[in-house]
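> The numbering of the sequence shown is my numbering, which starts it at 352 and goes up by one. Ideal placement from N, C-alpha and C gives every residue a C-beta, glycine not left out.
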Amino acid sequence: MARSSDDHISGPDSNQRIVNHLLRKQKKKKTVDLTYDPKALMKLMLEVKKARTILSSRKSARIEIPSFDKDEDFSEVLTRAELYELDGLPDARGSMAQTFFSVAKEWLHQCTSTHDACKRAVAPALPTRVLDVGPDDGSAEPYLFISNGATADYVALSHCWGGDIPAKTTSQTFSARCRSTPLALLPKTFQHAVIATRCLGFRYLWIDSMCIIQDSAADWEVESLRMQDVYENAVLTMSALDSTSSRGGMFYPRNQGLIEIGPLQHQVTPDSTLTYYIRPTLPKFKDAMYEGPLNKRAWILQERVLPRAILYFSRTQLYWECRSRYYAEDGDSQPVHPLLKHIDENSEVYFGEQLKSDMYLLWYHLIQEYTGRAITFNKDKLIALAGVASKFEEIYKNQYVAGLWRDDIERGIVWYANTRDSWAARTLDGALVRLEEPKAPSWSWASVNGRVAWDWTNRKRSKRVETEFDFKVLEIGRGGAKDSESMTGEA
Numbered sequence: 352m353a354r355s356s357d358d359h360i361s362g363p364d365s366n367q368r369i370v371n372h373l374l375r376k377q378k379k380k381k382t383v384d385l386t387y388d389p390k391a392l393m394k395l396m397l398e399v400k401k402a403r404t405i406l407s408s409r410k411s412a413r414i415e416i417p418s419f420d421k422d423e424d425f426s427e428v429l430t431r432a433e434l435y436e437l438d439g440l441p442d443a444r445g446s447m448a449q450t451f452f453s454v455a456k457e458w459l460h461q462c463t464s465t466h467d468a469c470k471r472a473v474a475p476a477l478p479t480r481v482l483d484v485g486p487d488d489g490s491a492e493p494y495l496f497i498s499n500g501a502t503a504d505y506v507a508l509s510h511c512w513g514g515d516i517p518a519k520t521t522s523q524t525f526s527a528r529c530r531s532t533p534l535a536l537l538p539k540t541f542q543h544a545v546i547a548t549r550c551l552g553f554r555y556l557w558i559d560s561m562c563i564i565q566d567s568a569a570d571w572e573v574e575s576l577r578m579q580d581v582y583e584n585a586v587l588t589m590s591a592l593d594s595t596s597s598r599g600g601m602f603y604p605r606n607q608g609l610i611e612i613g614p615l616q617h618q619v620t621p622d623s624t625l626t627y628y629i630r631p632t633l634p635k636f637k638d639a640m641y642e643g644p645l646n647k648r649a650w651i652l653q654e655r656v657l658p659r660a661i662l663y664f665s666r667t668q669l670y671w672e673c674r675s676r677y678y679a680e681d682g683d684s685q686p687v688h689p690l691l692k693h694i695d696e697n698s699e700v701y702f703g704e705q706l707k708s709d710m711y712l713l714w715y716h717l718i719q720e721y722t723g724r725a726i727t728f729n730k731d732k733l734i735a736l737a738g739v740a741s742k743f744e745e746i747y748k749n750q751y752v753a754g755l756w757r758d759d760i761e762r763g764i765v766w767y768a769n770t771r772d773s774w775a776a777r778t779l780d781g782a783l784v785r786l787e788e789p790k791a792p793s794w795s796w797a798s799v800n801g802r803v804a805w806d807w808t809n810r811k812r813s814k815r816v817e818t819e820f821d822f823k824v825l826e827i828g829r830g831g832a833k834d835s836e837s838m839t840g841e842a
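Right, dumping it as structure tokens:
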């Protein structure tokens with residue numbers, strides 16, 4: 352649900368910080384303290400809200416209030432740099448941005464220049480529509496750009512909707528979005544994504560609710576099938592890992608509780624000193640991924656599998672994951688988990704010899720992960736996985752049928768309820784719920800809600816579980832209902 356402008360832009364606390372900042376500036380000039388004058392503070396708060404809108408397109412705004420204090424006028428200049436600092440946002444050209452994003456730029460450079468699995472020769476075609484975020488100085492408002500096949504590097508955003516999206520693109524707002532999409536109208540997560548795109552040196556940003564016409568079933572049907580290309584071709588995807596909605600944002604205060612323990616003499620170069628600190632241990636990459644609200648959503652699985660590189664914004668630090676490695680600001684770095692990257696190469700690092708003899712094993716593992724995630728609309732159960740399925744079709748050279756594969760359908764239909772606490776729990780009672788209006792046939796895992804599993808995907812059980820089938824598929828084809836599948840077989 353949409354909220355009032357001060358709530359979804361930066362919030363009442365932020366506006367109060369600006370008011371306090373202006374009062375401090377005034378107090379340096381005068382001895383009068385207006386902190387406890389309700390009428391004066393109300394006037395100032397209203398002018399601050401107006402100034403925030405002005406600063407979305409200008410570098411400064413003058414705040415003037417006639418007869419503010421005993422018939423004396425109030426007049427102060429608020430700059431965009433001050434606003435960003437008070438909001439905790441990096442200005443693309445400021446020192447805060449250079450510090451905050453320098454490590455991300457270094458990761459991107461390492462990824463695109465030294466990782467063979469991540470390199471690409473030319474810039475890709477842009478998605479159908481992208482946000483042109485304007486120059487990095489913020490002198491121009493973003494607007495919806497229709498690419499018409501233009502090529503350029505772009506950034507994609509992975510985020511949790513958390514309800515209705517303020518300022519989403521609809522049939523009614525489409526023309527206006529193409530003229531201008533003011534930063535002040537966007538929810539906080541989108542604002543931060545625009546600023547981050549500028550700070551990283553890119554011009555174009557893809558956000559689903561802004562670049563797909565949300566009330567057009569025809570546009571949604573076309574664009575949802577292109578998500579594989581959108582995420583695979585992006586130079587990187589930014590992930591709002593710890594935000595539960597479009598209003599949550601991506602930038603968080605950095606209060607790590609650092610404690611300085613004093614300068615220590617460097618043993619190699621006696622003339623130099625290093626200052627050492629101690630701090631609480633930061634979350635490891637895998638823990639941050641597991642705990643992040645974003646990674647509990649079904650749609651987000653393909654938004655993690657498909658991108659070449661992902662820059663995660665968490666509450667504690669930045670993380671990077673590409674097709675070769677992951678990095679963290681605290682210096683941690685490891686090879687990536689091949690279950691989620693390297694779909695078509697090097698997966699044997701994790702699955703060993705078992706994967707070499709069973710190429711479908713990776714798909715079943717992904718479905719087990721996918722079915723344990725939340726999805727708002729059951730009708731999206733297969734659509735939200737369409738990009739990954741398309742990628743696997745390229746690898747398997749096989750027919751994709753309602754979440755399973757034609758050449759492995761005999762094993763694919765033998766799924767069961769998977770409870771996290773016991774692999775021995777084999778009953779469906781209470782564990783899986785049949786969808787009222789399923790978009791998949793009853794023999795597909797996509798016809799139920801709940802986490803599913805297959806016996807042979809568990810490495811601990813695979814050595815002692817022998818599965819035999821006396822089943823033959825005679826025909827798989829389209830059923831009578833739109834988009835339904837049917838299968839005929841004999842046992």
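1. Please check the pair LEU633 and ASP681, which I expect to be a contact at CB under 8 Å, by giving their CB distance rounded to whole angstroms.
2. Within 10 angstroms of its Cβ, does GLY489 collect 16 or more other Cβ (buried), or is it exposed?
3. Using a 10 Å radius around the Cβ and a threshold of 16 neighbouring Cβ atoms, would you call LYS470 buried or exposed?
4. For CYS462, collect the residues of the same chain with a Cβ closer than 6 Å to its Cβ; drop the 5 residues on either side in sequence, then sort them by chain order.
5. In the DSSP assignment, what residue or residues form a beta bridge with PRO686?
6. In the DSSP output, which residue or residues are listed as bridge partners for MET589?
7. Measure the CB-CB distance between ALA455 and LEU662 and report whether it falls below 8 Å.
8. Of all the alpha helix (DSSP H) runs that stay within the bounds of the region 544 to 596, which reach a length of 4 or more residues?
9. Using a 10 Å radius around the Cβ and a threshold of 16 neighbouring Cβ atoms, would you call TYR582 buried or exposed?
10. Would you kindly report the start and end of the unbroken beta strand (DSSP E) that includes TYR312?
11. Rounded to whole angstroms, what is the Cα-Cα separation between ARG403 and LEU395?
12. Our contact map puts THR588 next to GLU654 with C-beta atoms below 8 Å; I'd like the distance itself, whole angstroms only.
13. When DSSP labels each residue in this structure, what does ASN749 get in the three-state scheme?
14. Is it the case that the Cβ atoms of THR532 and GLU492 are separated by a distance below 8 Å?
15. With DSSP as the reference, identify every bridge partner of ARG413, one or two as the case may be.
16. Per DSSP, which one or two residues make a beta bridge with TYR670?
17. Pull up the CB-CB distance for LEU495 and CYS529, whole angstroms please, since I reckon it's below 8 Å.
18. Quick check on the DSSP output: the alpha helix (DSSP H) that includes ARG724 runs from which residue to which?
19. For THR521, I'd like the list of residues in its chain whose CB is within less than 7 Å of its CB, leaving aside the five on either flank, ordered along the chain.
20. Given a threshold of 16 other Cβ atoms within 10 Å of its Cβ, counted over all protein chains shown, does SER684 qualify as buried or as exposed?
21. Residues in the same chain with beta-carbon distance under 6 Å from ILE369, minus the five sequence neighbours each way, listed in chain order, please.
22. With a CB to CB cut of under 8 Å and the five nearest residues on each side skipped, what residues in its chain are close to GLU424?
23. Under DSSP, the alpha helix (DSSP H) around ARG530 begins and ends at which residues?
24. Does DSSP put ARG403 in a helix, a strand or coil?
25. Would a C-beta distance cut-off of 8 Å place GLY738 and ALA768 closer than the cut-off?
26. Taking only three categories from DSSP, how would you classify GLY395?
27. When the Cα atoms are used, what is the spatial distance from LYS401 to ASN366?
28. Could you give the distance in angstroms between the alpha-carbon of SER426 and the alpha-carbon of ARG413?
29. Shortest alpha-carbon distance to PHE602 belongs to which of LEU406, PHE451, GLY763 and GLN377?
30. Using a Cβ-Cβ cut-off of 7 Å (strictly less than) and excluding sequence neighbours within five positions of LEU576, which residues of its own chain qualify?
31. Can you name the residues that DSSP bridges to TRP756?
32. Here's the rule: buried if 16 or more other CB atoms are within 10 angstroms of the residue's CB, otherwise exposed. What is GLU699?
33. Am I right that ILE558 and LEU482 are in contact with their C-beta atoms under 8 Å? What's the rounded C-beta distance?
34. Give a yes or no on whether the C-beta atoms belonging to LEU373 and LEU406 are separated by under 8 Å.
35. What is the DSSP secondary structure of SER375, counted as helix, strand or coil?
36. Quick check on the burial criterion: 16 or more other C-beta atoms within 10 angstroms. Buried or exposed for LYS376?
Here's the rundown:
1. For the purposes of this step, residue 633 is taken as the residue at position 282 of the sequence shown. For the purposes of this step, residue 681 is taken as the residue at position 330 of the sequence shown. Correct: roughly 5 Å between the Cβ atoms.
2. The residue you call residue 489 lines up with position 138 of the sequence shown. Residue burial is scored here from C-beta neighbours: GLY489 has at least 16 other C-beta atoms within 10 angstroms and is therefore classed as buried.
3. For the purposes of this step, residue 470 is taken as residue 119 along the sequence shown, with counting starting at 1. Classified as exposed, LYS470 has fewer than 16 neighbouring CB atoms from the shown chains inside 10 Å of its CB.
4. Position 111 of the sequence shown, counted from the first residue, corresponds to residue 462. Spatial neighbours of CYS462 in its own chain (CB-CB distance under 6 Å, excluding positions within 5 residues in sequence) are listed in chain order as CYS469, ALA660 and CYS673.
5. One-based indexing of the sequence shown puts residue 686 at position 335. ARG676.
6. Here residue 589 refers to the residue found at position 238 when the sequence shown is read from its first residue. DSSP lists LEU508 and LEU662 as partners of MET589.
7. The count along the sequence shown starts at 1 and reaches residue 455 at position 104. The count along the sequence shown starts at 1 and reaches residue 662 at position 311. Against a cut-off of 8 Å, the Cβ pair of LEU662 and ALA455 comes out as a contact.
8. With a minimum length of 4 residues, the continuous alpha helix (DSSP H) runs that stay inside the region 544 to 596 are 559 to 562, 568 to 575 and 578 to 584.
9. As a first step, residue 582 is located in the sequence shown; it is residue number 231 there, counting from the start. Around the beta carbon of TYR582, a 10 Å sphere encloses 16 or more other beta carbons of the protein chains shown; the residue is thus reported as buried.
10. Outside the displayed range of the chain (352 to 842) lies residue 312, so it cannot be described from this structure.
11. Here residue 403 corresponds to residue number 52 of the sequence shown, with the count starting at 1. Here residue 395 corresponds to residue number 44 of the sequence shown, with the count starting at 1. About 12 Å.
12. What you label residue 588 is simply residue 237 of the sequence shown in a count that begins at 1. What you label residue 654 is simply residue 303 of the sequence shown in a count that begins at 1. Right, their Cβ atoms sit about 7 Å apart.
13. As a working mapping, residue 749 is identified with position 398 in the sequence shown. Collapsing the DSSP output to three states places ASN749 in coil.
14. Numbered from 1 along the sequence shown, position 181 holds the residue referred to as residue 532. Numbered from 1 along the sequence shown, position 141 holds the residue referred to as residue 492. In contact: THR532 and GLU492 (Cβ atoms closer than 8 Å).
15. If you number the sequence shown from 1, residue 413 lands on position 62. Its beta-bridge partners are VAL428.
16. Walking along the sequence shown from the start, residue 670 turns up at place 319. Under the DSSP definition of a beta bridge, TYR670 partners with TYR663 and ALA679.
17. The residue given as residue 495 occupies position 144 in the sequence shown. The residue given as residue 529 occupies position 178 in the sequence shown. Yes, they are in contact, since the Cβ atoms of LEU495 and CYS529 sit about 5 Å apart, within 8 Å.
18. In the sequence shown, residue 724 corresponds to position 373, counting from 1. Counting along the chain, ARG724 sits inside no alpha helix (DSSP H), nor does DSSP assign it H or E at all.
19. As a first step, residue 521 must be located in the sequence shown, where it is residue number 170. Excluding sequence neighbours, THR521 sits near ILE564, GLN565 and ASP566.
20. Walking along the sequence shown from the start, residue 684 turns up at place 333. So SER684 ends up on the exposed side.
21. As a working note, residue 369 is residue 18 in the sequence shown. Contacts found: VAL399 and LEU437.
22. As a first step, residue 424 must be located in the sequence shown, where it is residue number 73. For the record, residue 424 in the displayed sequence is Asp; it is not Glu. Excluding sequence neighbours, ASP424 sits near GLU415, ILE416, PRO417 and SER418.
23. As a working note, residue 530 is residue 179 in the sequence shown. Unbroken alpha helix (DSSP H) run through ARG530: 525 to 530.
24. Taking the first residue of the sequence shown as position 1, residue 403 is located at position 52. In the three-state reduction of the DSSP assignment, ARG403 falls in the helix class.
25. Translated into the one-based positions of the sequence shown, residue 738 becomes position 387. Translated into the one-based positions of the sequence shown, residue 768 becomes position 417. No, they are not a contact pair.
26. For this step, residue 395 is matched to residue 44 along the sequence shown. Going by the sequence as given, residue 395 is Leu instead of Gly. LEU395 sits in a helix when the DSSP states are folded into three classes.
27. Here residue 401 corresponds to residue number 50 of the sequence shown, with the count starting at 1. Here residue 366 corresponds to residue number 15 of the sequence shown, with the count starting at 1. Each residue's Cα considered, the two are about 11 Å apart.
28. One-based indexing of the sequence shown puts residue 426 at position 75. One-based indexing of the sequence shown puts residue 413 at position 62. Computed Cα separation, rounded: 7 Å.
29. Against the sequence shown, residue 602 aligns to sequence position 251. Of LEU406, PHE451, GLY763 and GLN377, the residue nearest in Cα terms is PHE451.
30. For the purposes of this step, residue 576 is taken as the residue at position 225 of the sequence shown. So the list reads ALA737, once near-sequence residues are dropped.
31. In the sequence shown, residue 756 corresponds to position 405, counting from 1. DSSP, once it has assigned bridges, lists TYR751 as partnering TRP756.
32. Here residue 699 refers to the residue found at position 348 of the sequence shown. At GLU699, the pLDDT of 47 sits below 50, so the modelled position is not reliable; the number obtained from the coordinates is stated separately. Exposed is the call here.
33. Residue mapping note: residue 558 aligns to position 207 of the sequence shown, counting from 1. Residue mapping note: residue 482 aligns to position 131 of the sequence shown, counting from 1. Contact flag correct, Cβ pair sits at about 6 Å.
34. Taking the first residue of the sequence shown as position 1, residue 373 is located at position 22. Taking the first residue of the sequence shown as position 1, residue 406 is located at position 55. Not in contact: LEU373 and LEU406 (Cβ atoms no closer than 8 Å).
35. Your numbering for residue 375 matches position 24 in the sequence shown. According to the sequence shown, residue 375 is Arg rather than Ser. In this structure, ARG375 counts as helix in the three-state DSSP scheme.
36. Walking along the sequence shown from the start, residue 376 turns up at place 25. Looking at its Cβ environment, which holds fewer than 16 other Cβ atoms inside 10 Å, LYS376 is exposed.
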